[in-house]
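Participant:
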Amino acid sequence: MAQAAAERPKRIRIGDLLIAHKVISQEQLDTALAEQKKSGRKLGRVLVENGFLTEEQLLAFLAEQLKIPYIDLRRFHYKPETARLIPETLARRFRAISLQDTREGVLVGLADPTDIFAYDELSRALRRPLRLAVVKEADLLQTIDRVYRRTEEISGLALELEQELSSFSVDLGELAASEGLTDAPVVKLLQSIFEDAVQVNASDIHIEPDERELRIRFRLDGVLRVQTTADRRIAGALVSRIKLMAGLDISEKRLPQDGRFNVRVHENKAVDVRISTMPVQHGESVVMRLLNQLTGILKLEHIGMPAPVLKRFRELIHTPTGMVLVTGPTGSGKTTTLYGALSELNRPEFKILTVEDPVEYRLPGISQVQVNPKIDLSFARVLRSMLRQDPDIILVGEMRDQETAEIGLRAAMTGHLVLSTLHTNDAVSTALRLIDMGVAPYMVAASLRGIVSQRLLRRICETCAEPHELDPATKTVLREEVGDGADRLTFRRGAGCSHCNGTGYQGRIGVFEFLEMDDTLARALHSGSPLDFVEAARRQPGYQNLRRSAIALAAQGHTTMAQVMRATFGLED
0 MAQAAAERPK
10 RIRIGDLLIA
20 HKVISQEQLD
30 TALAEQKKSG
40 RKLGRVLVEN
50 GFLTEEQLLA
60 FLAEQLKIPY
70 IDLRRFHYKP
80 ETARLIPETL
90 ARRFRAISLQ
100 DTREGVLVGL
110 ADPTDIFAYD
120 ELSRALRRPL
130 RLAVVKEADL
140 LQTIDRVYRR
150 TEEISGLALE
160 LEQELSSFSV
170 DLGELAASEG
180 LTDAPVVKLL
190 QSIFEDAVQV
200 NASDIHIEPD
210 ERELRIRFRL
220 DGVLRVQTTA
230 DRRIAGALVS
240 RIKLMAGLDI
250 SEKRLPQDGR
260 FNVRVHENKA
270 VDVRISTMPV
280 QHGESVVMRL
290 LNQLTGILKL
300 EHIGMPAPVL
310 KRFRELIHTP
320 TGMVLVTGPT
330 GSGKTTTLYG
340 ALSELNRPEF
350 KILTVEDPVE
360 YRLPGISQVQ
370 VNPKIDLSFA
380 RVLRSMLRQD
390 PDIILVGEMR
400 DQETAEIGLR
410 AAMTGHLVLS
420 TLHTNDAVST
430 ALRLIDMGVA
440 PYMVAASLRG
450 IVSQRLLRRI
460 CETCAEPHEL
470 DPATKTVLRE
480 EVGDGADRLT
490 FRRGAGCSHC
500 NGTGYQGRIG
510 VFEFLEMDDT
520 LARALHSGSP
530 LDFVEAARRQ
540 PGYQNLRRSA
550 IALAAQGHTT
560 MAQVMRATFG
570 LED
């Protein structure tokens, strides 16, 4: 039942009401009140954090007492223009969002609908009657981040910079290098770009000059999307400022350059930025990888491995010797998996060394080396030196050549745990790839302990998920893969909504193939027969290839068959 328009919320004693309705006990309330007095946080938040009741229980109780609706924002379809009726500063300050605009007034979702001051301020700002609803705070903050994108601000700043460059005869490099110009449009534009990219969890920012325009794109959930386009004349100022931030040579425009810098964005978040510049036909293309130091390193249990695979993988990385490989194409999450393993292994009793190109995340307590081809600091050279540093665990960023692979495998044979990556299609072909690189089969058989192959698939948006009937061609492929059981499987897709920007997807999920070396596989590998090895791998108990694992995820409703086809049906049998 909706609240009457323009009716101010009543101040209620939530603690007393919860006791009266036997939701919590007097003892629990006393504990929460004592903690609230110390911390100054709201009583409801303290009760939830102490586990006396869930947030859903609290919000449903509030809604019932105040006679207002409780709205699940994850499943509520709103118009972005309606949501933006409340200025961003007020939305964030009062934890509020406008959801519907009707003749009766504006429906406003609040994390705390008992906040009378918030009601009064929002009424003044909207100049309309308010109808209140209660919403979950975490969902509200995510929705606010989606709604208040900086697209218009970025376009406006790009236009402002274009006008400034048109009005004066200015050397672009000098403009970007002027440290005093903290309020210059180029600085404001970059700050807005970074803030927007972090807000929407973009992994990369692409700045690409074309013949007539400058295109700025973000990579979101593995897919590039255009953020804005601007006049090509601002490209020089933008690229020069970025080069200056990364300590690169702003006068060198004929050669590629690499660097990194740290940028502070909203809410005091610091993000490491890895930059690569490359001369193209109409200027310089810049790609910036955003590495959030706070959220970048996931624990192993959070990367999405199925429980049986996670258990076996953990057992492998806790063995004192041997090599464990994580494989897949670029952007498949290999680094995330390896850093998760290192994070778990990082204890004072272990000496851990890494050699990477480049060092993506800085790990405290671990000695990390970045290769540098300019001074012949290669993987192989660093690895040879590492073995004289008395390490227990070594991470090699990538097995790129025979020499690196042989040194890594020898280290695994002589008492070290070696973690590394390889660019192969699946787990089975990985061991054979090492032999193709020129490594002796006996060395691979003796040192290799296990292989994880992985891909990242786009996750279906839960807000707009709906049942989906597969087309005949996909059904045929599915029957070939899983047999008669294909007809009993059900699938979903995202219809597209405001929460996923009409894509039907939100976030990504990992799919994994795990192969553990045993005596049978080692003998097949040692014999040098690729066919025997492939057959032995497929007969291994519990083995499931990437394609079957991905189909299982789609049948569970986590992703679509379109994603499964895209990620795994290009693999060779």
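Using numbering that gives the first Met the number 0, read the sequence shown as starting at 0 and increasing by one per residue.
Beta carbons: idealized from backbone N, C-alpha and C, even for Gly.
Helix, strand or coil: how does DSSP classify M385 here?
Facilitator: Taking the first residue of the sequence shown as 1, we reach residue 385 at position 386. Correct three-state label for M385: helix.
Participant: Using only the alpha-carbon positions, how far apart do R40 and A31 sit?
Facilitator: The count along the sequence shown starts at 1 and reaches residue 40 at position 41. The count along the sequence shown starts at 1 and reaches residue 31 at position 32. Straight-line Cα distance between these residues: approximately 10 angstroms.
Participant: CA-CA distance, E574 and G330?
Facilitator: Past the boundaries of the shown model lies residue 574; the chain is included only from 0 to 572, so the question cannot be answered.
Participant: Is H301 buried or exposed, if buried means 16 or more other CB atoms sit within 10 Å of its CB?
Facilitator: Locating residue 301 in the sequence shown gives position 302, counting from the first residue. Exposed: under 16 other Cβ atoms inside 10 Å.
Participant: Is any heavy atom in the ligand GDP found nearer than 7 angstroms to the beta carbon of E348?
Facilitator: The ligand GDP is absent from the structure shown, which contains no ligand whatsoever.
Participant: Going by the CB atoms, is the gap between V323 and P208 shorter than 8 angstroms?
Facilitator: On the sequence shown, position 209 is the one that residue 208 refers to. On the sequence shown, position 324 is the one that residue 323 refers to. For P208 and V323, no; Cβs fall outside 8 angstroms.
Participant: Check this for me: beta carbons of A404 and M412, under 8 angstroms apart or not?
Facilitator: Start at 1 with the first residue of the sequence shown, and residue 404 comes out as number 405. Start at 1 with the first residue of the sequence shown, and residue 412 comes out as number 413. Not in contact: A404 and M412 (Cβ atoms no closer than 8 angstroms).
Participant: Rounded to whole angstroms, how far is the Cβ of A549 from the Cβ of V510, which I believe are closer than 8 angstroms?
Facilitator: As a first step, residue 549 must be located in the sequence shown, where it is residue number 550. As a first step, residue 510 must be located in the sequence shown, where it is residue number 511. That pair is a contact at about 5 angstroms.
Participant: Applying the 10 Å Cβ sphere with the 16-neighbour rule, what's the burial state of D257?
Facilitator: Within the sequence shown, residue 257 is the residue found at index 258, counting from 1. It is exposed - the Cβ of D257 has fewer than 16 other Cβ atoms within 10 Å.
Participant: Go through its chain and collect everything with a Cβ distance to A551's Cβ below 7 angstroms, but skip five positions before and after it.
Facilitator: As a position in the sequence shown, residue 551 is number 552, starting the count at 1. Within the same chain, A551 has no close Cβ partners at all.
Participant: Should S24 be labelled buried (16 or more other beta-carbon atoms within 10 Å of its own) or exposed?
Facilitator: What you label residue 24 is simply residue 25 of the sequence shown in a count that begins at 1. Burial call: exposed.
Participant: Does any residue of chain E have a CB that is nearer than 8 angstroms to the CB of K333?
Facilitator: Within the model displayed, chain E is absent; a lone protein chain is all it includes.
Participant: Per DSSP, which one or two residues make a beta bridge with V264?
Facilitator: Start at 1 with the first residue of the sequence shown, and residue 264 comes out as number 265. Answer is K268, bridged to V264.
Participant: Decide if I204 is buried, meaning its Cβ has at least 16 other Cβ atoms within 10 Å, or exposed.
Facilitator: Residue 204 sits at position 205 when you count from the first residue of the sequence shown. The residue in question, I204, is buried, as its Cβ has 16 or more Cβ neighbours within 10 Å.
Participant: According to DSSP, is V395 part of a helix, a strand, or is it coil?
Facilitator: The sequence position of residue 395 within the sequence shown is 396, counting from 1. Residue state, collapsed to three classes: strand.
Participant: Round the Cβ separation of P112 and L57 to the nearest angstrom and send it over; I've been treating them as touching at under 8 angstroms.
Facilitator: Along the sequence shown, one-based indexing puts residue 112 at 113. Along the sequence shown, one-based indexing puts residue 57 at 58. Contact flag wrong, Cβ pair sits at about 12 angstroms.
Participant: If you run the structure through DSSP and keep just helix, strand and coil, what is R374?
Facilitator: Locating residue 374 in the sequence shown gives position 375, where the first residue counts as 1. Per the sequence presented here, residue 374 reads as Ile, with Arg not at that position. Helix, per DSSP.
Participant: Quick check on DSSP: helix, strand or coil for T88?
Facilitator: Looking up residue 88 in the sequence shown gives position 89. The answer is helix: DSSP assigns T88 an H, G or I state.
Participant: Give me, in chain order, the residues of the same chain whose beta-carbon lies closer than 6 angstroms to that of G179; leave out the 5 immediate sequence neighbours on both sides.
Facilitator: Position 180 of the sequence shown, counting from 1, holds the residue named residue 179. Note that G179 has pLDDT 44, beneath the 50 cutoff, so the model's placement of it is unreliable and no number is given.
Participant: Taking the straight line between their C-alpha atoms, what separation do you get for A340 and L416?
Facilitator: Position 341 of the sequence shown, counted from the start, is the residue given in the question as residue 340. Position 417 of the sequence shown, counted from the start, is the residue given in the question as residue 416. If I take the Cα positions, the gap works out to 12 angstroms.
Participant: Give me the Cα-Cα distance between A566 and G221, rounded to the nearest whole angstrom.
Facilitator: Numbered from its first residue, the sequence shown carries residue 566 at position 567. Numbered from its first residue, the sequence shown carries residue 221 at position 222. About 12 angstroms.
Participant: Does DSSP put L530 in a helix, a strand or coil?
Facilitator: Along the sequence shown, read from residue 1 onward, the residue named residue 530 stands at position 531. If DSSP states are grouped into helix, strand and coil, L530 belongs with the helices.
Participant: Would DSSP call A110 helix, strand or coil?
Facilitator: If you number the sequence shown from 1, residue 110 lands on position 111. Of the three classes helix, strand and coil, the one that applies to A110 here is coil, per DSSP.
Participant: Which whole runs of the alpha helix (DSSP H) in the segment 302–342 are 4 residues long or more, in chain order?
Facilitator: Counting whole runs of 4 or more residues, the segment 302–342 contains the alpha helix (DSSP H) stretches 306–316.
Participant: Quick test of the definition: if touching needs 3 or more C-beta pairs under 8 angstroms, does the segment 301–319 touch the segment 270–285?
Facilitator: They do not touch, by the three-pair rule.
Participant: Given a cut-off of 8 angstroms on the beta-carbon distance, is the pair R454 and G321 in contact?
Facilitator: In the sequence shown, residue 454 corresponds to position 455, counting from 1. In the sequence shown, residue 321 corresponds to position 322, counting from 1. Contact flag unset, no.
Participant: Using the rule of at least 16 other Cβ atoms within 10 Å of the residue's Cβ for burial, across every protein chain shown, is I374 buried or exposed?
Facilitator: Translated into the one-based positions of the sequence shown, residue 374 becomes position 375. The residue in question, I374, is exposed, as its Cβ has fewer than 16 Cβ neighbours within 10 Å.
Participant: Below 8 angstroms on the Cβ atoms is my contact criterion, and I expect G108 with I96 to pass it. Report the Cβ-Cβ distance as a whole number of Å.
Facilitator: As a first step, residue 108 is located in the sequence shown; it is residue number 109 there, counting from the start. As a first step, residue 96 is located in the sequence shown; it is residue number 97 there, counting from the start. At roughly 5 angstroms, the Cβ-Cβ gap stays under 8 angstroms, so G108 and I96 are in contact.
Participant: Who are the near neighbours of S168 in its chain, counting only those whose CB is closer than 8 angstroms to its CB and skipping five residues on each side?
Facilitator: Stepping through the sequence shown from its first residue, residue 168 is reached at position 169. Bear in mind that a pLDDT of 38 at S168, under 50, signals an unreliable position, so the model cannot answer this.
Participant: Are the segment 140–150 and the segment 79–94 touching by the rule of at least three beta carbon pairs closer than 8 angstroms?
Facilitator: The answer is yes - the segment 79–94 touches the segment 140–150, with three or more Cβ pairs under 8 angstroms.
Participant: Return the chain-ordered ranges of every beta strand (DSSP E) run that is complete within the segment 426–475 and spans a minimum of 3 residues.
Facilitator: Qualifying beta strand (DSSP E) stretches, in chain order: 447–459 and 464–467.
Participant: To the nearest angstrom, report how far apart A176 and S191 are at their CA atoms.
Facilitator: As a working mapping, residue 176 is identified with position 177 in the sequence shown. As a working mapping, residue 191 is identified with position 192 in the sequence shown. Note on A176: pLDDT 46, under 50, position unreliable in the model; no value is reported.
Participant: Please list, in chain order, all residues of the same chain as L408 whose beta carbon is under 7 angstroms from its beta carbon, the five residues on each side excluded.
Facilitator: Stepping through the sequence shown from its first residue, residue 408 is reached at position 409. Closer than 7 angstroms at Cβ, skipping near neighbours: M322, V438, M442, V443 and S446.
Participant: Looking only at its chain, what residues have a beta carbon closer than 7 angstroms to the beta carbon of Q505, apart from the 5 residues adjacent to it on each side?
Facilitator: By one-based count along the sequence shown, residue 505 stands at place 506. Once the five neighbours on either side are set aside, the close Cβ partners of Q505 are R458, C460, H498 and C499.
Participant: Classify F217 as helix, strand or coil using the three-state DSSP reduction.
Facilitator: Position 218 of the sequence shown holds residue 217. In the structure shown, F217 sits in a strand (DSSP, three-state: E or B).
Participant: Taking the Cβ atom as the reference point for each residue, do I70 and A132 lie within a distance shorter than 8 angstroms?
Facilitator: Here residue 70 is taken as the residue at index 71 of the sequence shown, counted from 1. Here residue 132 is taken as the residue at index 133 of the sequence shown, counted from 1. Closer than 8 angstroms, so yes.
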